[in-house]
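Chemist:
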Amino acid sequence: MYIFCSKALKAALNIKNNGFVKMVADAQLDKLYAWHGHITKLDGKNTIILMNDQTMYSLIFRNKLPRSADKFSELIKEALLYTMEVGGFNRPEIERYMTGIGDIIFAEKTDRQMTGNLNRAFLDLEWTGHRWNECESIQAEQAAFENKGIRKQGSAYVTPFEKMLDELINVNPITEEAGD
C-alpha cells in the first residue's frame with residue numbers, strides 16, 4: 001500500500017529522504033491501494049486526510065497524531081478497519097481489502113488533481129466538520145459522513161463509499177464453495 005505524502009505530512013511524520021520512495025509520474029501500481037495524504041490545521045488542530053486515488057474514499061485523523069511513519073502505519077491499518085466498519089461495509093468486504101494491503105510505503109508523487117481533491121476535502125470539512133470525536137485520533141464518524149457525500153473526480157461525480165464498494169465487489173469477487 002502506497003501513501004503519497006505532501007511535504008507538510010512528510011515533515012509532520014519526520015520522514016527522512018532515505019525513508020521516502022520517489023515515484024515517477026507514470027509508475028504502474030494498483031490505485032485501489034494507493035492513497036494521497038496531507039495535514040493542515042482545522043479549528044486550530046492538526047488534521048490529516050488520506051484519500052484513495054481510485055475511489056476518493058477518505059480516512060480522517062485528528063487529536064494525538066503520531067510523529068513517526070511507523071506509528072502512523074499502524075494507525076492507518078486500524079483506521080481502515082474502523083472507518084470501514086462505521087461507514088457501513090460488511091465484514092467480508094473489509095477483509096478482502098485488508099488482505100491486499102501488505103506493507104505501507106511512504107512515497108512522493110506529484111499529482112495535482114489529487115492535491116486539489118484533498119484541498120477541496122479540507123474546505124468541505126471547515127463547513128461539515130462538527131462530528132469531531134475529541135477523544136480519538138481516528139475520526140471514523142466524520143469520515144463516514146464525508147464518504148457518503150458527492151465528490152467530483154475528473155469530469156464525473158462520485159460517492160466515495162459507493163465507488164469503494166463497487167471496486168471491492170468487482171476487483172475481488174467472493175467465490176462460494178460448491179458445497180454451499
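Residue 1 is where the sequence shown starts when you use UniProt numbering, and the numbers rise one by one after that. We treat Cβ as the ideally placed atom computed from N, Cα and C, and that holds for glycine.
Locate the beta strand (DSSP E) running through A107, then write down its first and last residues.
Modeler: On the sequence shown, residue 107 is found 107 positions in, with the first residue counted as 1. Per DSSP, A107 belongs to the beta strand (DSSP E) from I105 to E108.
Chemist: Can we say the stretch 76-88 touches the stretch 125-141, given the rule of at least three CB pairs closer than 8 Å?
Modeler: The stretch 125-141 and the stretch 76-88 touch, with three or more beta-carbon pairs separated by less than 8 Å.
Chemist: Would you mind working out which of F161, A156 and L32 sits nearest A143, comparing C-alpha positions?
Modeler: Along the sequence shown, one-based indexing puts residue 143 at 143. Closest by C-alpha distance to A143, out of F161, A156 and L32, is F161.
Chemist: In terms of residues, what are the limits of the beta strand (DSSP E) holding K41?
Modeler: Sequence index remark: in the sequence shown, residue 41 carries index 41 (1-based). From DSSP, the beta strand (DSSP E) with K41 extends over A34 to L42.
Chemist: In chain order, what residues of the same chain have a beta carbon less than 6 Å from the beta carbon of residue 182, not counting five sequence neighbours either side?
Modeler: As displayed, the chain neither begins before 1 nor continues past 180, which places residue 182 out of reach and without an answer.
Chemist: In the DSSP assignment, find the unbroken beta strand (DSSP E) run with I49 in it and report its ends.
Modeler: Here residue 49 refers to the residue found at position 49 when the sequence shown is read from its first residue. K45 to N52 is the extent of the beta strand (DSSP E) around I49.
Chemist: Are the Cβ atoms of D124 and H36 separated by less than 8 Å?
Modeler: For the purposes of this step, residue 124 is taken as the residue at position 124 of the sequence shown. For the purposes of this step, residue 36 is taken as the residue at position 36 of the sequence shown. Result no, Cβ atoms of D124 and H36 do not sit closer than 8 Å.
Chemist: With H, G and I counted as helix, E and B as strand and the rest as coil, what does DSSP make of I76?
Modeler: By 1-based counting over the sequence shown, the position of residue 76 is 76. Note: I76 maps to helix in three-state DSSP.
Chemist: Does F89 come out as helix, strand or coil in the three-state DSSP assignment?
Modeler: The sequence position of residue 89 within the sequence shown is 89, counting from 1. Coil, per DSSP.
Chemist: For the alpha helix (DSSP H) that K10 lies in, which residues bound it at each end?
Modeler: Counting from 1 along the sequence shown, the entry for residue 10 is found at position 10. Its alpha helix (DSSP H) spans residues K7 to A12.
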